[in-house]
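Notes follow the structure.
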Ligand code: FAD
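Numbering (the numbering used here), first residue to last: 76 to 584.
Here it is as structure tokens:
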């Protein structure tokens, strides 16, 4: 190749110029040839079809005769700057046909350069793109219209690709991004759906719902918001060259979330009122249970002493006092049995999917009046979406209420100034953590285990407490395979950490 003669002309059979002419004549695109001053020398039949001018009407005239005089001067300047420098130029101009009608021309001007490098002629190729332009405008307008409709829709909309990345969203979605403090709402929604359904059901299929009207809640320090969410599989045509012949459509998930907080708020009000009544009744029964248990506990002491005295007397051969003591012991044991029989049992409850954010929200709502009266400020920091537990809802609620009640009472001591309660929830793949921290006087380290013993109270002798709250709470946590610990805190106060396990997928109720 290196020693090839570069000046050698490509081989062109004698027939080729005639074929070129025929090809240009028969081409279905307007072709013109001008001199260096744009004076027309030749036009093909397609040129006549586009412009209405016969060859004899334009040959000898400047190409400017097609100008509608509305194309900006700057376009011509750019054109001429390029073509006089030997460079091709293409662009769109507004032209006028012989009959005066206007059309949009997509023009390519190719300079013809002679052997000395001078531009001798120009080749003009133009297409009427009026309809194409109208179509482009319509598509553009439609896109803008769709975007403004999607943006003004009062629902959260997002289009996700197969990897669940957001490729399109609307104004409401963006608002949610800022409400969730830059956490991707689509991820939060899909996590919440997966948390309650286990997975996104069904094989992706155009027109099929991945989930439909699925209600989820977002908890934030500003309150709880409810959304009814649907996910619909939709198709988008793949516009890449690879799929021009081999059509490959891309599947997308259209996420639609409609806020239902207002409707839910009404239902929540009623539910909370019922819950309040139910918990008041439970508290009454609990206090009865505590009182009777404490009575049993208190009687058991002397009865046990009587039993040991009696066995000593019997070992020494018995006595009339021993017989009297045996009678008293029987009476004491009967009394214990009757008291035990009178202790009300726990109402039967079955395990169900429980959202700890909802439980904590309930507990805070139920204690609002007391906290307001005690001047306590609450810092509620829930994780926006938590995995569900498989738990006994009332027992779990009672457990957290006991912990919060303890915190309120600790801070409500006369003269105690710091009155802040912080409640944090955190979700992990295998567990949910709740950290309840108060700014009260705290529990001394040597009592951190003792407080879980039945009938132990740091307020012994005051407040009418029997000290069964934390021991019952620990029992509830244990019944759920969870734990309650009193953590040491940097600051004063008490920090109770409750950890409850999350059932493995497919094990949820
Ligand atoms: P012009 O007098 O042409 O001036 C417009 C601008 O172009 C000025 O800035 C001027 O300085 C510059 N200019 C003009 N002629 C030259 C030149 N010879 N050398 C350097 N600069 C120059 N125009 C259309 O409107 N529609 C067409 O379909 C069209 N097709 C064309 C096809 C070809 C092959 C060529 C070469 C030109 C074509 N033109 C076309 C351009 C046309 O020749 C005119 O330049 C244009 O129409 C503007 O005309 P005018 O009389 O308004 O202004």
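Ideal placement from N, C-alpha and C gives every residue a C-beta, glycine not left out.
Same chain, Cβ closer than 8 Å to residue 550, neighbours up to 5 away in sequence not counted: Counting from 1 along the chain shown, the entry for residue 550 is found at position 475. There are no such residues.
Straight-line gap, residue 407 to residue 437 (C-alpha atoms, nearest Å): In the chain shown, residue 407 corresponds to position 332, counting from 1. In the chain shown, residue 437 corresponds to position 362, counting from 1. Each residue's alpha carbon lies about 43 Å from the other.
Touching by the beta-carbon criterion (3+ pairs, under 8 Å), the region 211-224 and the region 172-186: no
Euclidean distance between Cα positions of residue 461 and residue 546: Within the chain shown, numbered from 1, the residue matching residue 461 stands at position 386. Within the chain shown, numbered from 1, the residue matching residue 546 stands at position 471. Straight-line Cα distance between these residues: approximately 26 Å.
Residue 153 CB to nearest heavy atom of the ligand FAD below 6 Å: Start at 1 with the first residue of the chain shown, and residue 153 comes out as number 78. Outside the cutoff, so no.
Limits of the alpha helix (DSSP H) - the one that residue 484 falls within: Position 409 of the chain shown, counting from 1, holds the residue named residue 484. From DSSP, the alpha helix (DSSP H) with residue 484 extends over 468-486.
Cα-Cα separation between residue 321 and residue 295, rounded to whole angstroms: As a first step, residue 321 is located in the chain shown; it is residue number 246 there, counting from the start. As a first step, residue 295 is located in the chain shown; it is residue number 220 there, counting from the start. If you take the alpha carbons of residue 321 and residue 295, they lie about 48 Å apart.
Identity of the residue in 205, 489, 371, 231 nearest residue 244 by Cα: Counting from 1 along the chain shown, the entry for residue 244 is found at position 169. Nearest option by C-alpha distance: 231.
Contact check, residue 284 vs residue 265, beta carbons under 7 Å: By 1-based counting over the chain shown, the position of residue 284 is 209. By 1-based counting over the chain shown, the position of residue 265 is 190. Not in contact: residue 284 and residue 265 (Cβ atoms no closer than 7 Å).
Host beta strand (DSSP E) of residue 306 (start-end): If you number the chain shown from 1, residue 306 lands on position 231. Counting along the chain, the beta strand (DSSP E) containing residue 306 begins and ends at 298-312.
Neighbour-count burial assignment, residue 238, 16 or more Cβ in a 10 Å radius: Numbered from 1 along the chain shown, position 163 holds the residue referred to as residue 238. Counting Cβ neighbours within 10 Å, residue 238 comes out exposed, since fewer than 16 surround it.
Nearest-angstrom Cβ-Cβ length linking residue 552 and residue 575, presumed shorter than 8 Å: For the purposes of this step, residue 552 is taken as the residue at position 477 of the chain shown. For the purposes of this step, residue 575 is taken as the residue at position 500 of the chain shown. With a Cβ gap of about 7 Å, residue 552 and residue 575 count as contacting.
Three-state secondary structure assigned by DSSP to residue 461: By 1-based counting over the chain shown, the position of residue 461 is 386. Coil.
Short CB-CB distance (under 7 Å) between residue 299 and chain D: Annotation note: the requested chain D is absent from the structure, which comprises a single protein chain.
Exposure label - residue 357; buried when at least 16 CB within 10 Å: Position 282 of the chain shown, counted from the first residue, corresponds to residue 357. Looking at its Cβ environment, which holds 16 or more other Cβ atoms inside 10 Å, residue 357 is buried.
Span of the alpha helix (DSSP H) around residue 95: Looking up residue 95 in the chain shown gives position 20. Its alpha helix (DSSP H) spans residues 91-101.
Helix, strand or coil at residue 142 [DSSP, three-state]: Sequence index remark: in the chain shown, residue 142 carries index 67 (1-based). Reduced to three states, the DSSP call for residue 142 is strand.
Where the beta strand (DSSP E) containing residue 181 begins and where it ends: Working through the chain shown from its first residue, we reach residue 181 at position 106. Counting along the chain, the beta strand (DSSP E) containing residue 181 begins and ends at 177-188.
Rounded straight-line distance, which links the Cα of residue 94 to that of residue 101: In the chain shown, residue 101 corresponds to position 26, counting from 1. In the chain shown, residue 94 corresponds to position 19, counting from 1. Going by the C-alpha atoms only, they are around 10 Å apart.
C-beta contact flag for residue 303 and residue 335 at 7 Å: In the chain shown, the residue the question calls residue 303 occupies position 228. In the chain shown, the residue the question calls residue 335 occupies position 260. Closer than 7 Å, so yes.
Any non-hydrogen atom of the ligand FAD closer than 6 Å to residue 243 Cβ: If you number the chain shown from 1, residue 243 lands on position 168. No, the ligand FAD has no heavy atom inside 6 Å of this Cβ.
Limits of the beta strand (DSSP E) - the one that residue 372 falls within: Translated into positions along the chain shown, residue 372 becomes position 297. Unbroken run through residue 372 is the alpha helix (DSSP H), 336-390; no beta strand (DSSP E).
Between the CA atoms of residue 224 and residue 182 - distance to the nearest angstrom: By 1-based counting over the chain shown, the position of residue 182 is 107. By 1-based counting over the chain shown, the position of residue 224 is 149. So the alpha carbons of these two residues sit roughly 37 Å apart.
3 or more residues per run - each beta strand (DSSP E) lying fully within the region 157-245: 164-171, 177-188, 194-203, 231-235, 241-244
For residue 380 and residue 497, the rounded distance between their alpha carbons: The count along the chain shown starts at 1 and reaches residue 497 at position 422. The count along the chain shown starts at 1 and reaches residue 380 at position 305. In a straight line, the C-alpha of residue 497 is about 46 Å away from that of residue 380.
Per-residue burial, residue 78 [other beta carbons within 10 Å of its own, 16 or more giving buried]: Stepping through the chain shown from its first residue, residue 78 is reached at position 3. Confidence is the limiting factor: at residue 78 the pLDDT is only 47, short of 50, which leaves the residue's position unreliable and the question unanswerable from this model.
Closer than 6 Å: residue 141 CB and nearest the ligand FAD heavy atom: In the chain shown, the residue the question calls residue 141 occupies position 66. Checking every heavy atom of the ligand FAD against the Cβ of residue 141, one is found closer than 6 Å.
DSSP beta-bridge partners of residue 455: Stepping through the chain shown from its first residue, residue 455 is reached at position 380. Answer is 498.
Touch test, the region 446-457 against the region 408-428, Cβ-Cβ under 8 Å, three pairs minimum: no
Any non-hydrogen atom of the ligand FAD within 6 Å of residue 208 CB: Working through the chain shown from its first residue, we reach residue 208 at position 133. Incorrect: residue 208 has no Cβ contact closer than 6 Å to the ligand FAD.
Status (buried if at least 16 other CB within 10 Å, exposed otherwise) for residue 186: In the chain shown, counting from the first residue as 1, residue 186 sits at position 111. The residue in question, residue 186, is buried, as its Cβ has 16 or more Cβ neighbours within 10 Å.
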